[in-house]
Structure formats: structure tokens, C-alpha cells
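Here this note's numbering is used: position 103 in the sequence shown is 87, and no number is missing along the way.
Where is the CB? At the ideal position from N, CA and C, for every residue including glycine.
These numbers were taken from a predicted model, which means no experiment stands behind them.
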Amino acid sequence: MPGFDLLFLPGDGIGPEVMGEVKRTIAWFNAHSSKTIDTDDDLVGGCAYDAHGEAISDAAMDKARAADAVMLGAVGGPKWDDVPYDARPEAGLLRLRKDLDLFANLRPAICYPALADASSLRREFVEGLDIMIVRELTGGVYFGEPKEITDLGNGQKRAVDTQVYDSFEIERIAEVAFDLARKRGNKVHSAEKRNVMKTGVLWHEVVTRLHDEKFGDVELEHILADNCAMQLVRNPKQFDVIVTDNLFGDILSDAAAMLTGSLGMLPSASLGAEDKTGKRPAMYEPVHGSAPDIAGQGKANPIATIASFGMALRYSFAMGAEADLLDAAIADVLDQGLRTPDIMQDGMTEIGTEAMGTAIIEALDRLSA
Ligand code: NAD
């Protein structure tokens, strides 16, 4: 049977709890599909610091490089607030992103009809919403040099961050966005600030050229990033795929996410470049953190992590039909009125992490029968 290798890095806090439900979901797919997913486990974050004195070990990094995909839970918590900066839990996450060169961050914002009333916008604006934000993750102002604070000696300080992009970085992220659009609504909005930023001018030029050369069949609209933010809350359903840089992507993806309700519902994928064999480094993780306030209480919503596994099915394992089935199972459970506390509404039934995992597996059984 063709197989894939998936490395689990559950991490800290609610990470292991929500990942447990993914493991049960994988067992279901292994029993019902012609492809198998083999799994291995390792440590990242605070638990890795406790075991090895660093946020991720070289051995775990080797496993991550060898695997077809990595599933990460969440890292961090008050226990590790005072560990040395280089060994802080987030350093494990950053090393994974950097060493695997995961330059494309995919953040879907999907509004399940059953949760449309939980949005801050009226139901008619968000029901059926399905946006994919493609954020450049390894360049731009978060990494550009110089990046410093200097003492001007007159009681003043000066802080500098540098926004820098080379054309190849823009081209490869735009290519991901156009490719994705072809499999969805066939429309890309490219968001930048070419009116005030040179990186925006280059972004616009490179995206336009790539579109002319390779993706003329995809509808392309350029939009200023500030207008994009306004349009996201004015008329979000006009968007299909939005491609943007690291800084604007950070902000726009969080704004889009909140159109859809709770942090406990939001999956993500981070992808690298395909190698000569067609293998693409990939890491899948929920958008939320380790939620120390509810860790160990069986209350965490596992849907963000299960939906992240759904993205792995789609983007790493070429199991699109299975990914559709999993999305349908999640929607079905919500339609039944089952809710973890973070998405609880009047008249619904409150359940915990494990019961939510069980309900999704039962829905998979029913929908595939
Ligand atoms: P958080 O996302 O962990 O929690 C924010 C709020 O949302 C909390 O009230 C939490 O209970 C709730 N929440 C989050 N996920 C939930 C889920 N699946 N189900 C139900 N409720 C959920 O953010 P925070 O409180 O700012 O950070 C806590 C720790 O997580 C910190 O150490 C932070 O550095 C870390 N963090 C890690 C990541 C990551 O691993 N990718 C991301 C963000 C924060």
C-alpha cells in the first residue's frame, strides 16, 4: 500500500490533547483508505526544553526533514517564561519554519453555516465564506536587516526594521497562490502598498509578469493592503485567494480568521518548495496557542487541529476526496449542535475534546457508509 510518513510534534498545554484526536482520526483513515499514514512522535517547545535543554533537538529536526509532513500542536506556557531566549518554546517553531524553508503560509477562513451567528458580522455576510490567505512567511520586515535600536545619545533612540523582498521570493509565493486558485474559485487578490513602498512596486510588477506568463486563465486583481482590510469586513465573500507579504499577511489573516468565530476552529499549513522528486516540505498546525488556561481539563476544541490534518490530506498526501470527507464530517457535527465550550451557543449541546473527536469519527462512519 502506498504510504506517507507524518511526524507529530504535539508540544505543550492543550497540544497533546488536541493531537490525540488527530491520531484517532488518522487511525480511521488508515482503516478506510487505500493509502496508509505512518506516524512518529517527538518533542517541541517547553517539553523539549525540559528533556533536552533546547526547544527542538537535532534528532527531531532530522525526523522533520525526512517526513512527508509535520503536524505541530502548540508550544509555550508560563512554566517556560524564564528560560534562556534561544531556548524559549517558540524557538522550536521558528527553527522548523526556517530550516524547512516553509515560505508559504496558508490560512483558510471558512465559515461553517452552523457557526455563522458566532461571527461579529451578520450571517448574510459570512455564511458560506471560504477565503484562503497565502502569506509569505520567511522574508519581509520580520527578517530584513538592519533591524536594530540605536541610542542617538541625546536622550532619543531610533528603531529600524527593514522591509526587503527579492523577486524570486515574490514569484514563488505568487505561484502557490495562482496554483491554489485554479483548484478553488480561480481568483487571486494580490495585496501590497505600491503607493508608498518600493517592495509594493516590485511585488505588483512580479505578480503581474507571472500572471501574464503562466496564469492568464486565473482572474487577478491588485488591491492595496489597507483597502483589503476594509473589504474583508465590508464584503468578505468577494475574495477567493489573497496573496500578500509577511507583515500584511499576519494582520489580514487574523482579521479574516475572526470573521469565522473561535480560535479553536482555525487550521493552517506552511509549505516549502518542491524538490526534484516532487516532495514539498510541509507543516500543519492550528492557529491557536497552548491555551494554558484550559490545559488538562478536556475542554479544548480539537477542530482546528483536525482541520489542519485535513489540509495535510489535501496538500501533502494528494487525498483530496478524504479531505472533503473530513470537512463534511466537521460540518455535520456542528450541524448536530455539538459544541466545545469555546463555541458554545444557546440551545446547543456542550461536549469536551474527546467527545468532539468521537463525534467527528462517527460522522466519518455515517458519511462514508
Ligand atoms: P492561545 O491561543 O493559547 O489562547 C487564547 C485564548 O483562546 C485562551 O483563552 C484559550 O483558552 C483559547 N483557546 C485557544 N485555543 C483553543 C482551543 N483549541 N479550544 C478552546 N479554546 C482555545 O493564546 P495565548 O493565551 O496568548 O498564549 C498561550 C501560550 O501559547 C503562550 O505561551 C504563547 O506564547 C503560546 N502560543 C503558541 C502558539 C503556537 O504554538 N503556534 C501560538 C500562539 C501562542
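Just reading off the alpha helix (DSSP H) that ILE314 is part of, what are its end residues?
304 to 319
For a quick check, are the C-beta atoms of ILE133 and PRO92 less than 9 angstroms apart?
no
Measuring only from the beta carbon, is GLY256 closer than 8 angstroms to any heavy atom that is part of the ligand NAD?
no
Label PHE152 either buried or exposed according to how many other C-beta atoms from any shown protein chain fall within 10 Å of its C-beta, with 16 as the threshold for buried.
exposed
So, are the CB atoms of ASP224 and ILE115 less than 9 angstroms apart?
yes
Could you check whether LEU(-9) and ASP25 sit closer than 9 angstroms to each other, using their CB atoms as the reference points?
yes
Can you list the beta strand (DSSP E) stretches of 3 or more residues lying completely in the region 145 to 209, in chain order?
171 to 176, 203 to 208
Endpoints, alpha helix (DSSP H) assigned at GLU111:
Run containing GLU111: none; DSSP gives neither H nor E here.
Where THR289 and SER274 are concerned, what is the direct C-alpha to C-alpha distance, given to the nearest angstrom?
12 angstroms
LYS283: beta carbon under 8 angstroms from a heavy atom of the ligand NAD?
yes
Write down the C-beta distance between PRO286 and MET340 rounded to the nearest angstrom, noting that I regard them as a contact closer than 8 angstroms.
6 angstroms
Residues near GLY61 in its chain [Cβ-Cβ closer than 8 angstroms; skip 5 each side]
ASP(-4), GLY(-3), GLY30, PRO73, SER274, PRO276, ALA279
Helix, strand or coil for GLY(-1)? Go by DSSP, reduced to three states.
helix
Classify PRO265 as helix, strand or coil using the three-state DSSP reduction.
coil
The alpha helix (DSSP H) spanning PRO73 covers which residue range?
73 to 83
Quick check: is any heavy atom of the ligand NAD less than 8 angstroms from the C-beta of LEU121?
no
Between which two residues does the alpha helix (DSSP H) harbouring GLY294 extend?
287 to 299
Cβ-based neighbour list, GLN222, same chain, cut-off 8 angstroms, excluding 5 preceding and 5 following
GLN215
Since GLY321 and PRO251 should fall inside the 8 angstroms C-beta cutoff, what is the C-beta to C-beta distance between them, to a whole number of angstroms?
With a Cβ gap of about 22 angstroms, GLY321 and PRO251 do not count as contacting.
Rounding to the nearest angstrom, what Cα-Cα distance links PRO97 and ASP229 in this structure?
30 angstroms
Compute every distance between the C-beta of ILE207 and the non-hydrogen atoms of the ligand NAD, then say whether any falls below 8 angstroms.
no
Buried or exposed (CB count within 10 angstroms, at least 16 for buried), THR333
exposed
Where ALA51 sits in the DSSP three-state scheme:
coil
State buried or exposed for VAL110, treating a residue as buried only when at least 16 other CB atoms are found within 10 Å of its CB.
buried
For my contact list, LEU297 and LEU318 are in at a C-beta cut-off of 8 angstroms; report their separation, rounded to the angstrom.
With 8 angstroms as the limit, LEU297 and LEU318 do not qualify as a contact, their Cβ atoms being about 19 angstroms apart.
When the Cα of ALA209 is compared with those of ARG49, MET303, VAL180, ALA15, which residue comes out closest?
VAL180
Using 8 angstroms as the cut-off, classify the Cβ of ILE278 as near or not near the heavy atoms of the ligand NAD, replying yes or no.
yes
Excluding the five sequence neighbours on either side, which residues of its own chain have a C-beta within less than 7 angstroms of the C-beta of ILE94, listed in chain order?
LEU113, ASP114, THR244
Touching by the beta-carbon criterion (3+ pairs, under 8 angstroms), the region 40 to 55 and the region 79 to 90:
yes
Closest by C-alpha distance to ASP66, when choosing among PHE162, ALA88, TYR33, ILE157
TYR33
Own chain, CB closer than 8 angstroms to LYS7, minus 5 neighbours either side, in chain order
PHE(-8), THR23
Contiguous alpha helix (DSSP H) assignments of at least 4 residues, all confined to the region 0 to 41
30 to 36
Compute the distance between the beta-carbons of ALA88 and ARG156, then report whether it is under 9 angstroms.
yes
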